[in-house]
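In what follows, a single structure is set out as structure tokens and then discussed.
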């Protein structure tokens, strides 16, 4: 009998990558629901879904996400909706007898001034970045929900924390997108117009780490499939989450130059130093995941090329 796996948030960038990865296993039967079919903030609807579907495993990738502007404009929406989604799915899964679940979090759970690279033990050791604190608090709560159900009920609910993700299915909106899709769209459109220059915010000196979403999906399935005793030997009951990243970062200038080359923009990159840089560096410590036997395989340049190919083939949709 095939394992029935529910991927919550399958239409998002991460959820779609999980589907692509899981479909490679012919012993898996995938279960999905769109937002229109199942509102994950509706507790009764979620409980009914789990009661009817006989799910074996859950990948919890559903979340309300957005950039700095969205987080600053709608903090109540970000903390409320994410708390509700996580609480409903985790409790609903438990009530239906699901013993295996993987919760996908975010590197923003770590303190703004955490030592670099950021280790799992940095969690709850200092103040969070104020621009996305509500979202980060919700993600921390998701980790603690999983740990608490494990401790009280003996289930096997795991958590992985990815670094900055990019890839097919990313959000290329001109105002609400993250740095890679934002640059990719702006530079590509500038190249099409024949512009001689493009302005990039900040000094270009901050360092950031980027992970292709297909690598994230591969790491998630890898962690989910590890034997319980291996997970227990490499984590702690109240410090159980696992960082997922490349362990390599680059400057924003280096990123911009690579993206410009990938999309064919040959003009000058101007850095507006009057604009904020944000945190000087954000790099994940991935030694725990490496010790478990997994490392990222998609290098940044190759990942950007694959993402650009996807963007061009979905250009009309991405321009919305």
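Residue numbers (my numbering): 2 to 321. Ideal Cβ placement from N, Cα and C applies to all residues, glycine included.
Here residue 211 is not near residue 177, since their CB atoms are 7 Å or more apart. For residue 154, the enclosing alpha helix (DSSP H) stretches over residues 134–154. Of all C-beta pairs linking the segment 33–48 to the segment 2–17, three or more are shorter than 8 Å, placing the two stretches in contact. Closest in alpha carbon position to residue 239, among 148, 51, 80, 20, is 148. DSSP places residue 202 in the strand class (E or B) of the three-state scheme. DSSP places residue 269 in the uninterrupted beta strand (DSSP E) bounded by 269–273.
Distance between residue 31 and residue 112, taken at the CA atoms: about 36 Å.
Residue 14 and residue 269 have their alpha carbons spaced roughly 31 Å apart.
For residue 103, the closest C-alpha among the options 248, 226, 297 is that of 226. From the listed residues 221, 208, 115, the smallest Cα separation to residue 106 is found for 221. Under the DSSP assignment, residue 309 falls in the alpha helix (DSSP H) whose first and last residues are 301–314. Around the beta carbon of residue 121, 16 or more other beta carbons sit within 10 angstroms, so the residue counts as buried.
Listed in chain order, the beta strand (DSSP E) elements of length 3 or more contained wholly in the segment 237–290 are 243–245, 269–273. Checking the DSSP bridge columns, you'll see residue 157 partnered with 101. One Cα belongs to residue 180, the other to residue 261, and the distance between them is close to 13 Å. In the DSSP assignment, residue 6 falls within the unbroken beta strand (DSSP E) covering 4–9. Sequence-distant Cβ neighbours of residue 186 in its own chain, meaning closer than 6 Å and more than five residues away, are 173. Per DSSP, the unbroken beta strand (DSSP E) holding residue 167 starts and ends at 165–167. Residue 244 is a Cβ neighbour of residue 287, given a cutoff of 7 Å. By the CB criterion at 7 Å, residue 97 and residue 51 fall inside the cutoff. The secondary-structure analysis by DSSP pairs residue 30 across a beta bridge with 5. Taking every protein chain shown into account, the CB of residue 242 has 16 or more other CB atoms within 10 angstroms, so this residue is buried.
Rounded to whole angstroms, the Cβ separation of residue 297 and residue 19 is 16 Å, and the two are not in contact under 8 Å.
In this structure residue 129 does not touch residue 123 by the C-beta definition: roughly 11 Å separates them, more than the 8 Å allowed. Judged by DSSP secondary structure, residue 81 falls within the alpha helix (DSSP H) whose first and last residues are 76–96.
Going by beta carbons, residue 4 and residue 57 fall inside the 7 Å limit.
The C-alpha of residue 83 is placed about 16 Å away from the C-alpha of residue 74.
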